[in-house]
Every structure is written in C-alpha cells, then in structure tokens.
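Note sheet for the following structure.
Residue numbers (the working numbering), protein chains in the order written: chain A, 622 to 952; chain B, -10 to 319.
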C-alpha cells in the first residue's frame, strides 16, 4: 500500500503559526472589502473562514496567496511575506479554487502531470506523486478517463490532488465542496484531516455550516470585518444571541401565523420565527416567562402544545445570529 | 382537504438510451404528496432528482408507471399542469437585462395572468420576497440570494397550487439559504401551498414535512424526517481518537458496534446500546494505546441516517465507504 506524504522534510519553525494576519485591509476605491482583519492559524489546524457572499473571504485568500496587494496591514505565510516573497512562498502553498481548475480535455493523470510540471517536480518524483494522488482520489483504474467524464466527487478529489502535487505545507481551499454530494463531501473531509494529521495547515471556506462544524477553529467575516473567532463549540456558547426554542404543536402552520403576528406586535422579543418541518423554531432570549407566554398564546388560539424545548443551536444558527447582529439589515 | 393528494408517482420508470445500452435513471419510484405539504426529494448528484421532477411536469416522457399533479396526468394534461403549477428549474436564470418589475410582468404575461390580477398579485409577491425596494434594479445586478427570491416570486405569479423547485438554493450563502427556506415556510403557513423541493443538502431535509431519499433512481426511504432518523438502528457515539485509522479498524470489530462513519477528525460509531458499549470501546482503545477526546452520545441527524441507509442499500457493510480512500492515505 502506498503511503502518501504531504509534507516535505523541512520543518517549519514550531513556535511561529504558519498563517499570521495582522490588521489586513483591502480597499477597492471607496469599497473596503477586508477591514483590519487579524488572526493566526496554528500548524496542522483546519481553519474555517466563513462569511456571506461578498463578505471578503476570497479577497483575504487572494492576499494571502500574494495575488493581490493589501492596502494596509500585513500577512505572513510560513514566515514569508506574500507581497515581497511571493514566488518562494507559493512553492510551499497549495490552492484549490471554487471552480476546480482542471483541464476537462486532459485525462486525470495528465492533469496531475501538468500541475507537477508547473511546480517543477523532477521526473521520478512526479511519477511517484501521480500514483499517490490517483490512489488518494480513488481514481485507480480511471487514470486515462477524460476529466470531463468524471463525476463531481472525483473531480473534486483530483483537483485537491493537483493543488497538493508539490507537497505544500499550507493549503487554501476556497469553497471546495460547492455542488458536490453529501457522501463525497464526507470523503473529502476525510482527506482534509488526513492532510492536517501530517502537519499540513488548511484554511477552508464553505457555505455549508454543517461542514464548518468539522473545523477546529472558525472565523466569521461580515462586511470585511472579523466578527467572531473560536472553536465551533465555543462559538455556540458565546456568540448566540438568544436561544432556539423548538415548538411541537397540533397545528404548526397556524402556530406559525400566530407567532409571526406576536413578533410583529413585539409582545415577546422573537428574533426569528420559522417552520422546520412539523416544528416551529423561534430564536428568543432564554427565559421561562417567554416560554410560558408562548404556550399560553398558542393555547388561547386552540393550538395544543405537545412540547416546548430549548435546543442546542447549530453552527448555522450561531453564524446567522452573529453576522446579522453585526449587520441587522439582512434577515 | 388535508388528505387530498396533490402530486403522485406510481411505479415510475425512466430509461435513457446510452452508448452502452439502457440506463435506468428512475427505477420504480412511488410517492405521494398531500396538499399543503413540503416534500423534499433528497439525494446526491445523479440520483435521479431532476429526472423525476421533469417526469412529474410532463417535460420528459416516462418509460413506465404513472405520474400526475392535482389529478392531471403528466403526459396527457401538460397544459393544465402548467396552469396550476409553478416550477423553478435547476440553474434557472432570469433575463438579466430586465428589471425586477419587468421580470414579474414578463412571467405573468407568459402565464396569461390578466392585467388586473397582475396589479394585485405582483406588489404582494414583491413584498413577500422582500424585493419592494428593488423593483427598478436589473435582475443581473441582484445578489445571488435576491435572484433566487425573485425566481420564486416569478414562479408564483399565476397563483399556482403546487410549486416544484429543483435545487433552488444551489450556490447561495447560508443567510440567503435561511431566508429562502423561511419564505417557503411562510408560503406553507399563509397560503397552504404544496411545495416539492429537490436538494442535495441534508440539513434542508429538516425543513420539510415529508421526505424521500433517492439513490441511484430508487426511493430508499419515504417518511417524515423524524421517522427516517428512527429507521437507523442503534445509538450514536462521537469521539476524536489520537490515531484515526487504527481506531477505526479496531472499533468496527468490537461487540455491539453496528457501523462506523468518519466525520472529519472524529469517528461516528453506531452501537446497540451506548450505556454498555461506551466503556468497552474506551477500554479497547486504551489497550491499543489509543487515547481519545470528547466521547459523547449525539443525536442522529439526517446526514448520518442517509449515509447509513445508502450503505445498507449497497451492502457495503459496516465499514466506512471512505475506507479505500483513507486507507491509502495514512
């Protein structure tokens, strides 16, 4: 069985985080895309960089990759300055973009060869990497299939393989799982953690909050600003404004109409009211009196309440709560 | 009214001719959606979701079986279906060079909605979708989330009783996705609209009243989200082992372990009884010098249930389907 090594033998300075961002800012004219963002990522961590569309996620990554220059502030990747040491840094960094930049008219193996040559891999080393990556991507037996014929999950793993053909020590993944089915997504996260276990530092953006739960630490960015930074479990404890109340009742559609009216009249501070299948979820301050008030209002309207329970928020709940608290215009 | 069937498929089959013979895209699929329900057809890419929707709408001809919407047969009454049903196709794109208002009128005219009706309906729909302040903006200049909301408003312009939405939230961010689903919830609560949604997102399944899990053209489960989660036998344990693959290989051999799934750096272990098995698993790991963190009992979510049900369907046993991949890595 082949053993896939992601990391070359050079060790990074163990005391310095491989990604350090300090006061990083990028303006395009009067528009501030990234606004004084500071964070660092520890070696071997899987770090989730999350935010709504247009929040500044990709701009941050492009600055870290040395593709665009920051307006102010600084970044360090593996001790290199992305602005002044771009080429040296890029030799140790991998990047997979949203579009899985693969050549559809090349075979799977030819794609790896192409990227290997771009990164200047020696012939023997490239041959070895081809086999390793084929195995990693589950493409053994499909080496000569045109990339256009591969399904989403395979393309995604092949794109990751191409991004790490040169054994980078830091990997940036920009929405790597867009449009990929849930089973392939699980497999892909298995690969991400296999890389991390080998000491590779991974920064990943995603729109799937259930995936973000898989990261060791996450940063939320909204309108260019970092609004929260911690482990998913800590964020659930500290960043949730209000708690989620799950309501099971005899008529969820009717209950929903009533609670919407309650929300509009402001009798109870309901931050959100929404149907979740046969249940109603409402976000509100955690207080017994509100809970009883909701029960009474529903009862007065001839709706039987089967259960009324505070449930654990998902990371999506927390994300929406912290991002919309920051910019109340949105929800 | 409650039990009236809005949409149905009965032993539906669709075969496509390919270069190497016939490919069965939809394989004896049967389902019923009652009025006022939100039905989610959930499955990975290529499972047959879009083909099923197209067959229901009569846009494709079925090979075998029966399909109908609101009592109209998909093949024989396509015009009646078009009149009473709204539809957003996958990757549907609105005319970008029309404004929000022009788009609304364009779709209303196409559906033969009278001017009088349009005057009443369009402002209501725009308000409902939160687009009232953007009526003069070109559709091409809307954000991704707003485009989806406009598409939804356009699909409702002829006041359909049923809407079919094919992956309506593809590519939109979490906030827009939440807003879109809240709108669907409001449509159910306020208009009693029957909604049929295709999606690859397991968390969206939780927002449906009834779901069908489709895999390789077959419906492998068809029930309420809660019932489907109960179809998976056993209870679920989660922990982070110090050595991943050895832990995975070991745990799967232990008594009472039904199935192991990988979850990032964590393992998800289905056992017959957590009370009994937790300490046994801990002891077995310790004997191999494997430490672990955060072992706890967690609720089975739709995603775990789906993976488990697919695995049963494909008889891949209790090892992870990622086994081949992860074993070659470490």
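The beta-carbon is built from N, C-alpha and C at its ideal position, and this holds for glycine as well.
Computed from a predicted model, the values in this text were never measured in an experiment.
CB contact below 8 Å: residue i versus chain B
i	result
residue 781 of chain A	no
residue 857 of chain A	no
residue 917 of chain A	no
residue 794 of chain A	no
residue 748 of chain A	no
residue 820 of chain A	no
residue 740 of chain A	no
residue 568 of chain A	Past the edges of chain A, shown from 622 to 952, lies residue 568 of chain A, and the structure says nothing about it.
residue 910 of chain A	no
residue 891 of chain A	no
residue 937 of chain A	yes
residue 799 of chain A	yes
residue 823 of chain A	no
residue 663 of chain A	no
residue 763 of chain A	no
residue 944 of chain A	yes
residue 807 of chain A	yes
DSSP beta-bridge partners of residue i
i	result
residue 162 of chain B	None; residue 162 of chain B has no bridge partner.
residue 252 of chain B	B:255
residue 670 of chain A	A:840
residue 931 of chain A	A:866
residue 715 of chain A	A:792
residue -2 of chain B	B:20 and B:56
residue 905 of chain A	A:864
residue 230 of chain B	B:281
residue 12 of chain B	B:5
residue 893 of chain A	A:904
residue 193 of chain B	Paired residue(s): none; residue 193 of chain B is not in a bridge.
residue 224 of chain B	B:260
residue 738 of chain A	In the DSSP output, where bridge partners are listed per residue, residue 738 of chain A has none listed.
Minimum Cβ-Cβ distance from residue i to chain A less than 8 Å
i	result
residue 307 of chain B	Bear in mind that a pLDDT of 48 at residue 307 of chain B, under 50, signals an unreliable position, so the model cannot answer this.
residue 217 of chain B	no
residue 294 of chain B	no
residue 122 of chain B	no
residue 33 of chain B	yes
residue 171 of chain B	yes
residue 319 of chain B	Because residue 319 of chain B carries a pLDDT of 28, less than 50, the predicted location of this residue cannot be relied on, and the following value inherits that uncertainty. Yes, because at least one Cβ of chain A sits closer than 8 Å to the Cβ of residue 319 of chain B.
residue 167 of chain B	yes
residue 117 of chain B	no
Beta carbon of residue i nearer than 8 Å to that of residue j
i	j	result
residue 828 of chain A	residue 162 of chain B	yes
residue 15 of chain B	residue 46 of chain B	no
residue 912 of chain A	residue 880 of chain A	no
residue 152 of chain B	residue 145 of chain B	yes
residue 779 of chain A	residue 725 of chain A	no
residue 836 of chain A	residue 714 of chain A	no
residue 750 of chain A	residue 786 of chain A	yes
residue 93 of chain B	residue 142 of chain B	yes
residue 845 of chain A	residue 682 of chain A	no
residue 227 of chain B	residue 270 of chain B	no
residue 777 of chain A	residue 809 of chain A	yes
residue 38 of chain B	residue 203 of chain B	yes
residue 88 of chain B	residue 125 of chain B	yes
residue 924 of chain A	residue 871 of chain A	yes
residue 31 of chain B	residue 200 of chain B	yes
Chain B contact residues for residue i, given Cβ-Cβ distances below 7 Å
i	result
residue 940 of chain A	163
residue 810 of chain A	253
residue 654 of chain A	What residue 654 of chain A touches in chain B: nothing, since even the nearest Cβ is about 15 Å away.
residue 773 of chain A	34
residue 828 of chain A	162 and 163
Per-residue contacts from residue i into chain A (C-beta, under 7 Å)
i	result
residue 197 of chain B	898
residue 174 of chain B	877, 895 and 896
residue 178 of chain B	874, 877, 878 and 896
Chain-ordered neighbours of residue i on chain B, where CB pairs are closer than 8 Å
i	result
residue 928 of chain A	Those within 8 Å of residue 928 of chain A in chain B number zero; the least Cβ separation is about 12 Å.
Neighbour list for residue i in chain A, Cβ cutoff strictly below 9 Å
i	result
residue 191 of chain B	803 and 831
residue 213 of chain B	898 and 899
residue 299 of chain B	804
Chain-ordered chain A contacts of residue i [CB-CB under 8 Å]
i	result
residue 132 of chain B	674 and 675
Residue i CB to nearest heavy atom of the ligand MN below 7 Å
i	result
residue -4 of chain B	Looking for the ligand MN in the displayed structure turns up nothing, as the structure carries no ligands at all.
Fill in: Contact list for the stretch 221 to 237 of chain B against chain A, Cβ threshold 8 Å
233
Worksheet item: Relative to chain B, which residues along the stretch 834 to 845 of chain A have a C-beta separation below 9 Å, given in chain order?
Response: 834, 835, 836 and 837
Worksheet item: Taking a cut of 8 Å between CB atoms, which residues from the stretch 707 to 721 of chain A lie near chain B?
Response: none
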